[in-house]
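When the sequence shown is numbered by this note's numbering, its final residue is 852 and no position is left out of the sequence of numbers.
Note that CB positions come from ideal geometry on N, CA and C, so glycine has one too.
Here the structure is a predicted model, which means the values were calculated and not measured.
Here's the structure, in structure tokens; my notes come after.
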Amino acid sequence: MAGPSDISADELKVFMEEATSLLELLDEDIVRLEQQEESDDLLQEIFRAAHTLKGSSGMLGFEAMAHLTHAMEDLLDRVRKKTLAVSPAIIDALLMSLDGLKILCDNISAEEETPIDVTPIVEALHAAAAGGAAPVEAAAAASSLVTVVAADAALVARAEAARAEGRTPHLVTVHIRQESDWAAVRCFQILNSLDRTGEVLVSIPSQTEIESEQVGHTLELLFATASSVDEMTGLIESVEDVDEVTAEVWTIDAAAAPVAAAAVAPATSNVVEIDAARKSKAAQESLATAAQKVEGLQTTVRIDVEQLDSMMNMVGELVIDRTRVSQLSKLLGGRFKDDEYVRSLGETATHIEKVVDELHENMMRVRMLPVGLLFSKFPRLVRDLARSMDKNIRLEIEGEDTEIDRSVIEKIKDPLVHLIRNAADHGIETAEERRAAGKPELSILKLVARHEQGQIVISLEDDGHGIDAERLKAKAVERGVISPEKAARMSDEEAIGLISAPGLSTAAKTTEVSGRGVGMDIVRRDIEALKGHVEVDTELGRGTVFRLRLPLTLATIRGLLVSCGKTTYAIPLNYVQETLRPDREQLKTVSGRSVLSLRTRNAVMSMIWLDESLGVNADRSVPRDDPYVVVVRTGDGERERPVAIAVDRLIDQQDIVVKSLSGYLGRARGIAGASILGDGQVVLIVDIASLIKASHRASDVAEAA
Numbered sequence: 148m149a150g151p152s153d154i155s156a157d158e159l160k161v162f163m164e165e166a167t168s169l170l171e172l173l174d175e176d177i178v179r180l181e182q183q184e185e186s187d188d189l190l191q192e193i194f195r196a197a198h199t200l201k202g203s204s205g206m207l208g209f210e211a212m213a214h215l216t217h218a219m220e221d222l223l224d225r226v227r228k229k230t231l232a233v234s235p236a237i238i239d240a241l242l243m244s245l246d247g248l249k250i251l252c253d254n255i256s257a258e259e260e261t262p263i264d265v266t267p268i269v270e271a272l273h274a275a276a277a278g279g280a281a282p283v284e285a286a287a288a289a290s291s292l293v294t295v296v297a298a299d300a301a302l303v304a305r306a307e308a309a310r311a312e313g314r315t316p317h318l319v320t321v322h323i324r325q326e327s328d329w330a331a332v333r334c335f336q337i338l339n340s341l342d343r344t345g346e347v348l349v350s351i352p353s354q355t356e357i358e359s360e361q362v363g364h365t366l367e368l369l370f371a372t373a374s375s376v377d378e379m380t381g382l383i384e385s386v387e388d389v390d391e392v393t394a395e396v397w398t399i400d401a402a403a404a405p406v407a408a409a410a411v412a413p414a415t416s417n418v419v420e421i422d423a424a425r426k427s428k429a430a431q432e433s434l435a436t437a438a439q440k441v442e443g444l445q446t447t448v449r450i451d452v453e454q455l456d457s458m459m460n461m462v463g464e465l466v467i468d469r470t471r472v473s474q475l476s477k478l479l480g481g482r483f484k485d486d487e488y489v490r491s492l493g494e495t496a497t498h499i500e501k502v503v504d505e506l507h508e509n510m511m512r513v514r515m516l517p518v519g520l521l522f523s524k525f526p527r528l529v530r531d532l533a534r535s536m537d538k539n540i541r542l543e544i545e546g547e548d549t550e551i552d553r554s555v556i557e558k559i560k561d562p563l564v565h566l567i568r569n570a571a572d573h574g575i576e577t578a579e580e581r582r583a584a585g586k587p588e589l590s591i592l593k594l595v596a597r598h599e600q601g602q603i604v605i606s607l608e609d610d611g612h613g614i615d616a617e618r619l620k621a622k623a624v625e626r627g628v629i630s631p632e633k634a635a636r637m638s639d640e641e642a643i644g645l646i647s648a649p650g651l652s653t654a655a656k657t658t659e660v661s662g663r664g665v666g667m668d669i670v671r672r673d674i675e676a677l678k679g680h681v682e683v684d685t686e687l688g689r690g691t692v693f694r695l696r697l698p699l700t701l702a703t704i705r706g707l708l709v710s711c712g713k714t715t716y717a718i719p720l721n722y723v724q725e726t727l728r729p730d731r732e733q734l735k736t737v738s739g740r741s742v743l744s745l746r747t748r749n750a751v752m753s754m755i756w757l758d759e760s761l762g763v764n765a766d767r768s769v770p771r772d773d774p775y776v777v778v779v780r781t782g783d784g785e786r787e788r789p790v791a792i793a794v795d796r797l798i799d800q801q802d803i804v805v806k807s808l809s810g811y812l813g814r815a816r817g818i819a820g821a822s823i824l825g826d827g828q829v830v831l832i833v834d835i836a837s838l839i840k841a842s843h844r845a846s847d848v849a850e851a852a
């Protein structure tokens with residue numbers, strides 16, 4: 148939704164920055180309001196944010212946003228004056244209006260010309276202000292497929308283009324039986340069936356939401372096809388659990404009808420109408436005031452993320468060249484000690500090394516962001532989950548100021564959402580179950596971030612019923628993941644590690660919230676892709692703690708350089724437990740596999756040659772019975788099963804710049820990336836997690852044999 152033509156690009160940019168900041172504030176504070184009903188300061192902060200957004204949007208001519216925030220302001224004013232008590236219905240209405248404001252902001256950014264219909268949301272706010280509940284039907288109407296299509300000019304154009312090609316666009320609504328536990332699967336099957344006869348232009352829920360099982364029992368589609376309605380509905384009805392199908396031809400007029408009424412605020416609105424000149428002047432004054440506030444309170448500048456990544460890449464190249472210059476300077480200094488120019492080169496190399504180190508350190512700081520930017524999204528998620536499952540859950544957050552690389556923050560959101568949804572659904576009991584167990588009805592979900600030994604550790608702790616190791620083993624045997632003999636030998640800690648096996652879950656009943664045991668294997672895979680690992684601690688009746696151990700950055704790592712034959716490898720130091728050169732009597736063979744026996748710790752562990760594990764035929768420079776050994780381990784359920792990696796030589800520890808190989812070589816087995824040393828030599832960075840898993844699988848096979 149584009150703004151009035153008299154608004155400049157700079158004015159619009161200032162407005163969007165202010166609106167985004169206010170919406171983020173409202174998202175956090177409205178959830179806090181439900182937990183702190185008597186907080187006058189919090190109420191005043193929420194009211195002020197809504198009032199500011201109403202004023203600036205009204206001055207710039209964004210009438211739908213002004214109308215919606217005015218209704219929010221009326222409701223908040225009643226709560227602020229103590230004439231209305233905070234209730235779940237009020238919080239629902241406020242959060243619904245916040246979602247509507249976010250859509251309006253997105254439309255402004257995308258310069259969409261057609262506003263969404265905010266009337267149902269405003270009616271929900273009025274109902275809450277009158278002491279009633281926010282109507283569910285109105286909330287649903289606000290996000291209906293017709294509204295979504297009408298608000299998306301590009302989607303309308305695609306639908307009309309399909310019509311011109313002889314494919315008629317249809318609005319299709321599919322109702323899946325309420326008793327079905329496979330709604331996401333049925334939605335996916337419907338999309339697959341329809342793809343053969345036409346094109347699904349848009350769906351609610353989207354395909355991404357369906358794949359992550361964030362669905363209800365209704366599927367809405369805008370579907371373009373040359374087939375008849377009977378053929379189309381017949382395909383859908385052939386899918387099991389489909390209860391009812393309705394379809395009608397889509398037209399532009401039909402799409403525009405629901406939103407026409409929302410173009411102008413109703414007569415009862417207190418938004419003042421002023422002429423274009425006064426609007427422009429008022430907007431300029433408002434934006435000038437906002438700019439002064441920004442200038443007085445903010446000493447930062449915005450930079451495009453792609454530019455930041457490019458700068459980081461160039462700094463990485465400087466780090467490589469700095470090391471090379473330093474090595475050459477030392478080499479020449481050793482050969483020509485008395486040469487004046489060589490001494491001058493040494494001084495210059497030392498200065499360059501210092502400057503590049505400082506530049507690299509400062510660049511890393513620029514990339515660091517507080518993890519609270521991610522954590523702030525989760526109170527709303529937990530609140531919505533608790534409401535949908537009729538549970539009483541409070542999320543407590545600690546360590547939100549802990550800093551981590553931006554690239555890491557972006558990639559841990561989905562794993563954390565998986566963990567939170569699983570904890571809320573499967574980990575935390577119902578109110579009745581908690582009362583029966585002598586627990587308070589209010590369950591505490593604690594999310595904590597901290598720095599520890601050069602890593603960031605994020606833990607999610609619940610006070611639910613914990614994970615039953617025996618049930619996990621029984622389920623794993625039933626699914627064929629492990630043999631009964633293997634299950635009998637497993638410790639409880641090893642059994643808990645099975646929770647990451649694909650498709651394995653102890654849940655008595657699967658739900659739409661957390662899925663069907665397909666979450667934890669995804670979490671583990673995603674975290675290991677970040678060179679991190681997952682730990683699980685649990686106690687029956689007391690709860691479960693999931694810990695994610697992650698590198699502070701993906702751009703550089705501290706690595707142990709080793710060699711096998713003529714190839715140099717880097718092993719990330721966060722996996723290294725110790726290095727040693729064992730005696731020959733410590734090297735043994737059990738069931739045809741090499742093992743290392745450590746007498747000092749009475750431990751026996753699998754031993755693998757690094758080059759053989761990577762499928763490389765090395766020209767080995769040391770005998771097989773006289774290697775150096777690097778003992779590595781991960782921090783998951785198998786952390787008491789370290790693996791010994793045999794190499795020819797230990798070289799050095801060094802900070803290395805990580806370069807991805809996936810764009811050139813695809814997914815190379817056991818290799819996480821590459822780097823370039825100061826002398827120009829290419830080193831391969833070892834994917835320790837995958838090697839350890841492969842070693843444990845081989846050990847299990849050997850034991851079973």
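The beta carbons of ALA821 and VAL830 sit closer together than 9 Å. Across the set ASP799, VAL670, ASP253, the C-alpha of VAL670 shows the shortest separation from the C-alpha of ALA648. Within the same chain, LEU368 come within 6 Å of SER350 by CB-CB distance, once the 5 residues on both sides are set aside.
From the listed residues ARG469, LEU180, THR167, the smallest Cα separation to ASP246 is found for THR167.
Note on HIS217: 16 or more other CB atoms within 10 angstroms of its CB, so buried under the neighbour-count rule. Residue pairing by DSSP puts ARG541 in a beta bridge opposite ILE591. Look at GLU550 here: in three-state DSSP terms it is strand. Secondary structure of ALA300 (DSSP, three-state): helix. Shown here, HIS364 sits in coil according to DSSP, grouped into three states, outside any helix or strand. In the structure shown, GLU387 adopts coil according to DSSP, grouped into three states. Along the length of the segment 210-245, whole alpha helix (DSSP H) runs at least 4 residues long occupy 210-227, reported in chain order. Three or more beta-carbon pairs drawn from the segment 794-806 and the segment 705-717 are found closer than 8 Å, and the two stretches are therefore classed as touching. According to DSSP, residue pairing for TRP397 in a beta bridge does not occur. Rounded to the nearest whole angstrom, the CA to CA distance from GLU158 to MET206 is 12 Å. The beta carbon of VAL624 sits closer than 6 Å to those of PRO631, ALA634, all from its chain and outside the five residues before and after it, given in chain order. Nearest in C-alpha terms to GLN361, of all of ALA371, ALA330, LEU341, is ALA330. Approximately 24 Å separates the beta-carbon atoms of LEU215 and SER186; this is outside 8 Å, ruling out the contact.
By the neighbour-count criterion, in which 16 or more other beta carbons inside 10 Å mark a residue as buried, ALA211 falls on the buried side.
Linking GLU181 to SER234 through their CA atoms gives a straight-line distance of about 7 Å. Look at the segment 496-524 and you find these whole runs of alpha helix (DSSP H), each 4 residues long or longer: 519-522.
VAL595 is a Cβ neighbour of ILE544, given a cutoff of 9 Å. The way I'd put it, the segment 319-326 does touch the segment 387-399; three or more beta-carbon pairs between them come closer than 8 Å.
DSSP links GLU725 through a beta bridge to VAL778.
PHE162: member of the alpha helix (DSSP H) spanning 156-182, first to last residue. With a cutoff of 9 Å on beta-carbon distance, MET754 and LEU734 are scored as near each other.
Taking 8 Å as the upper bound for CB-CB distance, ILE551 and MET515 are in contact here, some 7 Å apart.
Counting only the Cα atoms, SER340 lies some 46 Å from GLU759. Counting of Cβ neighbours within 10 angstroms places ASP610 among the buried residues, the total reaching 16 or more. ASP531 sits close to LEU242, with the two beta carbons spaced by under 9 Å. For GLN800 and ARG705, the gap between their C-alpha atoms comes out near 7 Å. Residue GLN828 holds the alpha-carbon nearest to the alpha-carbon of LYS713 among GLN828, THR495, GLU220, GLU505. With at least 16 other beta carbons inside 10 angstroms of its own, GLU270 counts as buried. Here GLU165 is buried, its C-beta having at least 16 other C-beta atoms within 10 Å. Here GLU258 is exposed: its Cβ has fewer than 16 other Cβ atoms, across all protein chains shown, within 10 Å. The alpha helix (DSSP H) runs lying completely inside the segment 564-624 and spanning 4 residues or more are 578-583, given in chain order. Collapsing the DSSP output to three states places SER203 in a helix.
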